[in-house]
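So the sequences go chain by chain: B and F. Numbers 1 to 412, taken from this note's numbering, label the letters of the first sequence in order. Numbers 1001 to 1412, taken from this note's numbering, label the letters of the second sequence in order. Where is the CB? At the ideal position from N, CA and C, for every residue including glycine.
2 protein chains.
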Amino acid sequence: MPGTDPERPPASEARPDPQGRVSRRALFGTAAGGLAALAGGVAAATTLGDGDESPSGAIPFHGPHQAGILTPRQRHVRMAAFDLRTHTDRGRASALLLRWTAAAERLTRGEVPDPRREPPGSRAAETGVLTGTAPARLTLTFGLGPGFFDRPGLTEARPDALAPLPAFPDDRLNPAHCDGHLLVQIGSDDAFVTTHVLRTLQRLAHGEARLRWTMTGFTAADGRRNLMGQIDGTNNPDPRRALLAGPDVPPWLRGGSYVVIRRIRMLLDHWDTLPPAHREQALGRRAVDGAPLTGGTERTPVDLAAVRPDGVPVIAANAHVRLAAPADDRAAVMFRRSWSYHDGLRPDGTPDAGLLFTAWQQDPRTAFVPVQRRLARGDALSRYLVHEASAVFAVPGGVRPGGYPAQELLEG
Amino acid sequence: MPGTDPERPPASEARPDPQGRVSRRALFGTAAGGLAALAGGVAAATTLGDGDESPSGAIPFHGPHQAGILTPRQRHVRMAAFDLRTHTDRGRASALLLRWTAAAERLTRGEVPDPRREPPGSRAAETGVLTGTAPARLTLTFGLGPGFFDRPGLTEARPDALAPLPAFPDDRLNPAHCDGHLLVQIGSDDAFVTTHVLRTLQRLAHGEARLRWTMTGFTAADGRRNLMGQIDGTNNPDPRRALLAGPDVPPWLRGGSYVVIRRIRMLLDHWDTLPPAHREQALGRRAVDGAPLTGGTERTPVDLAAVRPDGVPVIAANAHVRLAAPADDRAAVMFRRSWSYHDGLRPDGTPDAGLLFTAWQQDPRTAFVPVQRRLARGDALSRYLVHEASAVFAVPGGVRPGGYPAQELLEG
């Protein structure tokens, strides 16, 4: 859980409600100026802000950013990575993304995909699984992995920031659950919806891309604790600080972001045997309310310099909150959007459970990578965590009606 | 999906609302007499009916039946089977069930388990994961498998109806996901709750029982379709018809039931390529509304004798609705309570998805077993289904305050 604690109040406060959800009004009502500025090259922003929600729980697919970044975290997520087929060139990738977009527009409205837009040569069809089921704040967020660019006409277009992540000490990655050419993050308050939406995308990828991996996560309806019992997401920055803007950003990425995904297994059987004080010291916060061990409430900044009467630092040298605090404020900003998972038992009988962690940022090289380097070296929490899956994607900016993600890249 | 269609209106109608939930008032307001009769040997029925729900979403653990049978199906379930240790005799099993009960009473009220009731010798403790999280209609339902009775003082007490299930044609069971000495069905509208409740039970089983398998399922918030797109649970009988009563039933089982659990994988990649008419004929119902192919609405009885002008039966000889229809009405009554699952990809890239099916009945030998024998032989749906896990449990009657499930058995 790198960056659980950047220890910096967001520039523009978007307070969570008692359910831990950020009010859409707080985020968008008062921040129209900032949003418009961030929208950058996206000319035709819709009148609906990202995250505005219809009474049926439909979140618009179109907007200045892809939904699923600023959108308050849904209760369920299904992450999936696809690999393009060898024959899938720039033009065919473009057709695939357009097909997925057409389906996403309908699915997010609670409609069945258009049967006339099945891929050529596919015998499979929609079976109406979601008929009568509300989208429940469904969002689909598409991303491009480093490998996406390994084809003619795209090799030069890979942004420098989209480098494969370096190896970190103690990573125990399963390559089959890492990387991928295309990311789809499917979020909804209904696990049945995320499940069938993934099936739909898989069907529509026929002949062009193959599902490489899929992972699920969930959150409590009204809590912010993870499976270790810690309050998660304290002092998350304003998510807009993870969005890309400015003349140096290629048009297809303006209003977009970079996302790092890590599947972090928790060694819960061990964790649950630790004395409570030991658990609190590993994090640097109190279990009961998330306040720093140096006092105050959850939102009080941690006093990293505080020492006990005997001269020992209150926040240990290897406490998570100390090591996760970024050295360089501006470049290291990460917005975290994570879910718990529990996929049953390992062959050794221990739980296959933990955190499906996502970090959104303007440049992983200055944000996730240095923070995770510090954590992997000495974080007291890390001995109870195993990083088993890892991926990084560039997340294109928002989509205009008729367009699709990364259109400027693939048609440029 | 044996018994998707017993084709018989329930004796006492408990109509589902548009969300497919049975009204608690319909079930309990008008049926107090029936309930009292069924309560049988349970002397101190609480004033709250099973399924009465507090405003915070707390369903009482105590009552004439265990919660989780008559309770309207929750959105999430985690099924788990435990095996007793060799040294765990009748007395130690009794202590384990009492410890689990004490935790269940608190967890279903939204409280953390009593820290003074950790098992002897265990170093693990509660880490407060559910602090601040509502139980969201949490129920815990305990059952005893055939193997539970393989210990001194219990061998003679195993009911004849609790026989291991026979092998069925085309079963492809993974023994590691079958059977078990103890069942816990953990249902809640919150997946985070079911997850940590299982962790808690596992911790409290320290030294006495080991988690053998666990499986999860989910339902749509507002739909009754399964992942094949079929409307599920049509003509489910009144669940009270699955409850045990009468002088021949041992006291610990009065008000209880027998549950068969089957994890039925769906070969969705194949299913999705079938022509819509072929899919409807395999089931015998229309996809759009669940009405029989012989006409009417979802609740219209199927006319198994109807023939087309050319003399061919409208409902094919191998249609699921025909084969699932019980030969003997009374003895074959099964109440189904099922969830979908999708656990990612198989090594061959196909989805590991399907139905976590449960059937509740008075005797599996006259209900589930003959129905499944017919289905396994010729059901047109069965070529798209693979039964991969199977278990049967006796589910004791309801628990009085201070008691625990199967108390009369273990202290008798």
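Local conformation of residue i per DSSP, three classes
i        : result
Q185(B)  : strand
D352(B)  : strand
P146(B)  : helix
A277(B)  : helix
F1192(F) : helix
S122(B)  : coil
F415(B)  : In the structure as shown, chain B starts at 1 and stops at 412, and residue 415(B) therefore has no counterpart that could be examined.
L428(B)  : Nothing about residue 428(B) can be reported from this structure: the residues present for chain B run from 1 to 412 only.
A319(B)  : coil
A1093(F) : helix
A380(B)  : helix
R199(B)  : helix
R85(B)   : coil
A163(B)  : coil
A282(B)  : helix
E1411(F) : coil
P396(B)  : coil
P1313(F) : strand
P1401(F) : coil
A209(B)  : strand
R1158(F) : coil
A43(B)   : Note on A43(B): pLDDT 28, under 50, position unreliable in the model; no value is reported.
Heavy atom of the ligand NAD within 7 Å of residue i beta-carbon
i       : result
A102(B) : Among the components modelled here there is no ligand, and therefore nothing to report on the ligand NAD.
Residues sharing a beta bridge with residue i, DSSP
i        : result
M1079(F) : Q1185(F), M1215(F)
I1264(F) : L1355(F), H1387(F)
Q1361(F) : Y1258(F)
W339(B)  : L356(B)
L141(B)  : Contrary to the premise, residue 141(B) reads as Thr rather than Leu in this sequence. According to DSSP, which records beta bridges pairwise, T141(B) is partnered with Q185(B).
A58(B)   : L138(B)
R225(B)  : I231(B)
L1345(F) : P1351(F)
P1302(F) : Correcting the residue identity first, residue 1302(F) is Val in this sequence and not Pro. In the DSSP output, where bridge partners are listed per residue, V1302(F) has none listed.
V307(B)  : P313(B)
8 Å contact criterion, which residue i and residue j should meet: CB distance rounded
i        : j        : result
G1311(F) : E1298(F) : At roughly 27 Å, the Cβ-Cβ gap does not stay under 8 Å, so G1311(F) and E1298(F) are not in contact.
A1209(F) : T1101(F) : With a Cβ gap of about 14 Å, A1209(F) and T1101(F) do not count as contacting.
G1187(F) : Y1341(F) : Going by Cβ atoms, the distance from G1187(F) to Y1341(F) rounds to 14 Å, so no, they are not a contact pair.
L293(B)  : I315(B)  : 6 Å
L409(B)  : A67(B)   : The pair is not a contact, with the Cβ atoms about 20 Å apart (cut-off 8 Å).
G132(B)  : V112(B)  : So it is not a contact: roughly 11 Å between Cβ atoms.
L1268(F) : R117(B)  : Rounded, the Cβ-Cβ distance is 20 Å, inconsistent with contact.
G284(B)  : A319(B)  : 4 Å
R337(B)  : R73(B)   : 5 Å
P119(B)  : R99(B)   : 6 Å
Q372(B)  : M334(B)  : The pair is not a contact, with the Cβ atoms about 10 Å apart (cut-off 8 Å).
A1389(F) : L1173(F) : 6 Å
A1376(F) : P1169(F) : 5 Å
T273(B)  : R1123(F) : 4 Å
Within chain C, the residues that residue i reaches when beta carbons sit closer than 8 Å
i        : result
R1203(F) : No chain C appears in the structure shown, which is made up of the protein chains B and F.
Say whether the region 1342-1355 of chain F touches the region 1077-1090 of chain F, bearing in mind that this needs 3 or more beta-carbon pairs closer than 8 Å, one atom from each stretch.
no
Is the region 1138-1148 of chain F touching the region 229-238 of chain B, taking contact as three or more C-beta pairs under 8 Å?
no
So if I threshold CB-CB distances at 7 Å, which residues from the region 221-239 of chain B count as touching chain F?
A221, D222, G223, R225, L227, M228, G229
Is it true that the region 390-398 of chain B meets the region 250-265 of chain B, where meeting means three or more beta-carbon pairs spaced less than 8 Å apart?
yes
Taking beta-carbon pairs under 8 Å, can you tell me which members of the region 129-150 of chain B lie near chain F?
V129, L130, T131, G132, T133, A134, A136
In chain order, what residues of the region 268-290 of chain B put their CB closer than 8 Å to some CB of chain F?
L268, D269, W271, D272, T273, P276, R279, A287, V288
Does the region 53-67 of chain B touch the region 131-138 of chain B, meaning 3 or more C-beta pairs lie closer than 8 Å?
yes
What are the residues in the region 334-346 of chain B lying within 8 Å of chain F by C-beta distance?
S340, H342, D343, G344, L345
Taking Cβ-Cβ distances below 9 Å as the criterion, which residues of the region 95-129 of chain B are in contact with chain F?
S122, R123, A124, A125, E126, T127, G128, V129
Would you list, in chain order, the members of the region 379-409 of chain B that have their beta-carbon closer than 8 Å to a beta-carbon of chain F?
none
Select from the region 1310-1325 of chain F all residues with a C-beta closer than 7 Å to any C-beta belonging to chain B, and list them in chain order.
none
Give the residues from the region 207-220 of chain B that approach chain F closer than 8 Å (Cβ to any Cβ), ordered along the chain.
R210, L211, W213, T214, M215, T216, F218, T219, A220
Using a Cβ distance threshold of 8 Å, determine whether the region 348-358 of chain B contacts the region 317-325 of chain B, with at least three qualifying pairs required.
no
Counting only Cβ-Cβ distances shorter than 8 Å, please list the residues of the region 1176-1197 of chain F near chain B, keeping chain order.
D1189, D1190, A1191, F1192, V1193, T1195, H1196
Do the region 160-179 of chain B and the region 193-209 of chain B meet, that is, are 3 or more Cβ pairs less than 8 Å apart?
no
According to a CB-to-CB cut-off of less than 8 Å, which residues of the region 346-369 of chain B neighbour chain F?
G349, P351, A353
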